[in-house]
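The sequence shown: position 40 = 47 (the numbering used here), numbered continuously.
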Amino acid sequence: MTLEEVAEIGDRIASINPELQVTVLDYFPTFRRRFIKRPTPREMLKVKTILEERGLKTVIVQTSIGHIGPGDKKTKY
């Protein structure tokens, strides 16, 4: 999935209700499709920023080092 597609999804969700909580998981396979690389915390933070810029108020991303939520705006990776 591209960052442009993430932005489009964010636009659609925000048009329904910007207060909807959105959680993005850092999918990583353990059984099938093991060739897929797990997103880095930095990549997940970029996804969070894109969704918030689209107007979503509550965005949580799961990363390999933990969850980053709405109150974690100063988190840097």
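All residues carry an ideal CB built from backbone N, CA and C; glycine is no exception.
None of these values were measured; they are calculated from a predicted model.
- In the three-state reduction of the DSSP assignment, I75 falls in the strand class, which pools E and B.
- The beta carbon of T30 sits closer than 6 Å to those of I67, all from its chain and outside the five residues before and after it, given in chain order.
- Sequence-distant Cβ neighbours of E26 in its own chain, meaning closer than 6 Å and more than five residues away, are K64.
- If you look at T37, you'll find it isn't in any beta strand (DSSP E); DSSP assigns it neither H nor E.
- Residue environment: L58 is assigned as buried (16 or more neighbouring CB atoms within 10 Å of its CB, all protein chains considered).
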